[in-house]
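Following the numbering used here, the numbering of the sequence shown begins with 117 at its first residue and continues without gaps. Here the structure comes first, spelled out in structure tokens, and everything after it is commentary.
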Amino acid sequence: MESPQDREIFRDVKTAKRMMQALLDVSPRAILLLDRRGTVLVANGTVSKSLGVPMERLIGSSLYDHLPYDVARYRRLHYDDERAGRTFETLASPVLGSEGEVEYVAVYAQDVTEQRRLERALRESEKRYRELFDEAPVGYHEIDGEGRIIDVNKRELEMLGYEREEMVGRYIWEFVQEDMRRHFMEFIEGRIGPEATFERTYKKKDGGLLPVMVHTRVLMDEEGRIRGSRSAIMDITELKRLEEEKASLENQLMQAQKMEAIGRLAGGIAHDFNNILTVIKGTCELSLLDMKREDPLYSRIKEIEQAADRAKELIKKLLAFSRRQIIQMRVLDLNEIIRGMEGMLKRIIGEDIELVTFLSPRLGLIKGDPTQIEQAIINIVVNARDAMPEGGTLTIETKNVELDGAYVKNHLGAKVGSYVMLAISDTGIGMTKEIQERIFEPFFTTKEVGRGTGLGLSTVYGIVKQMGGNIYVYSEPKKGTTIKIYLPRTDGELEKGQEEEAIEVKEGGETILLVEDEEAVRGLAKEMLMRQGYKVIEASNPKEALELAKSHKEPIHLVLTDVVMPGITGVKLFEHIKRLHPEAKVLYTSGYTENVITQHGVLKEGIDFIQKPFTFEGLVR
117 MESPQDREIF RDVKTAKRMM QALLDVSPRA ILLLDRRGTV LVANGTVSKS
167 LGVPMERLIG SSLYDHLPYD VARYRRLHYD DERAGRTFET LASPVLGSEG
217 EVEYVAVYAQ DVTEQRRLER ALRESEKRYR ELFDEAPVGY HEIDGEGRII
267 DVNKRELEML GYEREEMVGR YIWEFVQEDM RRHFMEFIEG RIGPEATFER
317 TYKKKDGGLL PVMVHTRVLM DEEGRIRGSR SAIMDITELK RLEEEKASLE
367 NQLMQAQKME AIGRLAGGIA HDFNNILTVI KGTCELSLLD MKREDPLYSR
417 IKEIEQAADR AKELIKKLLA FSRRQIIQMR VLDLNEIIRG MEGMLKRIIG
467 EDIELVTFLS PRLGLIKGDP TQIEQAIINI VVNARDAMPE GGTLTIETKN
517 VELDGAYVKN HLGAKVGSYV MLAISDTGIG MTKEIQERIF EPFFTTKEVG
567 RGTGLGLSTV YGIVKQMGGN IYVYSEPKKG TTIKIYLPRT DGELEKGQEE
617 EAIEVKEGGE TILLVEDEEA VRGLAKEMLM RQGYKVIEAS NPKEALELAK
667 SHKEPIHLVL TDVVMPGITG VKLFEHIKRL HPEAKVLYTS GYTENVITQH
717 GVLKEGIDFI QKPFTFEGLV R
């Protein structure tokens with residue numbers, strides 16, 4: 117029979133057991149006490165819940181009856197429950213008896229299914245990140261707060277030519293051309309902002325330079341402090357090339373527009389100035405015809421005439437630059453022209469400069485004006501000579517070239533096709549880029565006052581352009597200059613030059629209709645023609661000329677008319693007069709050539725033309 121004391125003890129035991137069970141049940145781990153046969157003596161609610169076995173069935177049963185077969189078989193303490201899809205991590209601690217033998221086993225187990233899932237997800241995420249990091253089409257690197265490289269992707273290594281171990285651990289600015297250390301520290305210290313994009317030039321392992329666009333973002337730690345940065349870099353070599361190409365083409369276009377504007381201005385000045393020179397020179401000629409050499413004014417008027425001749429030569433150069441001079445085009449062998457000039461060129465450059473020629477043996481033919489080509493060569497050679505005051509080498513080279521799309525793309529004005537190239541190189545002082553941009557401008561010169569007019573190369577420019585060619589200059593200070601001329605190749609046959617026949621000045625007698633809007637020029641021309649015995653009818657404009665042609669009943673043998681006049685051109689005027697006087701011929705005159713009588717400066721077939729300022733002899737013959 118239970119005594120009150122026994123019942124008290126029993127109650128205390130039950131209370132203690134409930135308290136122990138309560139303590140065990142609040143643990144997230146599975147806690148068991150097993151005997152040596154694996155019988156569950158004590159278990160908490162976590163065990164019951166994890167195994168899916170009610171507590172009343174679990175206590176007193178064998179633990180291995182509730183585990184997967186292979187786990188039960190091998191008594192594993194760390195196992196995967198594939199049936200439930202759970203993973204446990206266990207710790208077993210033996211409870212020894214009085215004799216030191218294992219009497220019980222305390223087991224602590226934790227469900228790590230979610231932890232393992234997160235670990236696998238993390239590993240997979242890291243793997244995907246590494247694949248994306250390494251296979252990205254742009255370079256990536258991460259650096260710490262001191263500027264050392266922590267990681268770098270495969271693309272950046274390929275871009276710079278390094279191995280990973282050659283970059284990791286080194287400062288980022290060791291690989292950058294610009295001084296980046298101060299900029300990096302400002303960025304890391306948060307003085308620039310959380311993100312920044314800028315251009316840099318990276319140094320490759322082989323010594324080359326790589327222009328890149330860099331986008332950098334700061335990295336923060338858990339406490340919000342900057343711990344480093346991560347950057348993406350993109351190779352912008354092609355972008356830079358395109359930008360330079362665009363800038364070059366824009367500069368070439370600007371130069372072409374400038375040269376065109378200067379050409380129009382020069383042509384207009386030449387036209388007006390030629391009218392003035394016609395009067396000055398013509399008046400001098402007529403005055404000298406009426407004077408004796410002993411006359412005190414004779415020498416002074418002669419000086420005026422000579423000054424007018426010098427001015428005429430300047431105007432000819434302006435006309436050449438503006439592509440408004442008359443040229444006589446025929447098929448030529450450029451090599452023959454150069455060989456014929458060698459003796460003269462040697463005299464021009466002097467003994468201190470060596471002349472070397474490389475003339476292609478099978479050079480194609482060109483179509484041009486031989487006199488103008490010779491003038492262009494002489495002008496370039498004179499410039500080359502002046503660039504070599506201490507002596508040097510002058511090289512003249514010819515060869516056949518094919519200009520393709522790539523060349524044309526980078527050289528404004530050039531056209532795809534077959535060309536003959538003429539290159540003239542010197543070993544002189546060279547030119548800066550700024551001088552090269554102005555080298556073909558009229559009156560631009562780097563020579564001291566009195567040593568040049570600045571029209572030499574501008575004349576060359578006009579001659580080449582009028583022949584359908586292109587001219588380019590390549591130069592560096594102290595490394596010399598090369599001027600390359602490209603003239604279109606032709607399939608025509610070589611023409612032999614014809615000697616000019618001496619023309620006898622004959623006495624006139626025929627009737628000439630003189631049409632000129634400049635009164636001074638008209639008066640001078642009338643006096644010249646009348647001195648030679650011609651009958652002159654004068655008109656100041658096309659309308660007046662047509663009225664005179666209609667009212668004049670006798671034949672009009674010649675119409676002498678300016679090309680450019682108000683209302684209609686001289687060509688159109690003559691067409692009307694020709695209907696009234698079929699026997700009439702025409703002689704055109706102008707200060708510069710116009711497309712109405714020329715095709716790209718070449719006189720149209722059957723057209724007679726006299727360039728202003730004309731002389732008395734030139735007009736009457």
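Even for Gly, the Cβ is constructed at its ideal location relative to N, Cα and C.
C-alpha gap between residue i and residue j, whole angstroms
i    : j    : result
L461 : D678 : 39 Å
V687 : I489 : 30 Å
L475 : K428 : 35 Å
E506 : I464 : 15 Å
I469 : R605 : 31 Å
K321 : F291 : 9 Å
Y180 : G154 : 7 Å
L212 : L157 : 16 Å
E634 : V524 : 45 Å
V163 : H331 : 54 Å
G340 : A312 : 19 Å
R446 : G480 : 14 Å
S177 : T206 : 19 Å
L167 : P210 : 22 Å
K694 : I417 : 40 Å
P682 : E660 : 12 Å
L148 : E338 : 39 Å
E609 : E691 : 35 Å
Residue i, buried or exposed, once every other Cβ within 10 Å from all chains shown has been counted against 16
i    : result
E124 : exposed
G324 : exposed
T561 : buried
G216 : exposed
K549 : exposed
R127 : exposed
P486 : buried
T353 : exposed
A208 : exposed
D724 : exposed
V395 : buried
L573 : buried
Simplified DSSP assignment, three categories, for residue i
i    : result
L355 : helix
Q231 : helix
D502 : helix
A225 : strand
M275 : helix
G261 : coil
V218 : strand
N451 : helix
D322 : coil
V268 : strand
R695 : helix
T162 : helix
P477 : coil
A188 : Residue placement at A188 is flagged as unreliable, the pLDDT there being 44, under the threshold of 50; a coordinate-derived value is accordingly withheld.
T597 : strand
M301 : helix
K659 : helix
K669 : coil
Y650 : coil
Inter-residue CB distance, residue i and residue j (contact presumed, cutoff 8 Å)
i    : j    : result
I672 : A641 : At roughly 16 Å, the Cβ-Cβ gap does not stay under 8 Å, so I672 and A641 are not in contact.
R152 : V218 : 6 Å
I540 : A503 : Not quite, the Cβ-Cβ distance comes to about 11 Å (not below 8 Å), so this is no contact.
I512 : T473 : 5 Å
Y220 : R145 : The pair is not a contact, with the Cβ atoms about 18 Å apart (cut-off 8 Å).
V631 : A655 : 5 Å
L603 : I496 : Not confirmed; about 14 Å, so no contact.
L689 : P658 : 5 Å
Residue-level contact to chain B via CB, residue i, 9 Å cutoff
i    : result
L519 : Looking for chain B here will not work: only one protein chain is present.
Could you say if the stretch 309-329 and the stretch 346-357 meet the contact criterion of at least three C-beta pairs nearer than 8 Å? yes
Using a Cβ distance threshold of 8 Å, determine whether the stretch 585-592 contacts the stretch 524-536, with at least three qualifying pairs required. yes
Touch check for the stretch 484-503 and the stretch 450-459: three-plus C-beta pairs under 8 Å? yes
Three or more beta-carbon pairs under 8 Å between the stretch 256-273 and the stretch 326-345, yes or no? yes
Under 8 Å: do the stretch 237-255 and the stretch 268-279 share three or more Cβ pairs, one atom per stretch? yes
Segment contact flag, the stretch 515-528 with the stretch 636-654, C-beta cutoff 8 Å, min 3 pairs: no
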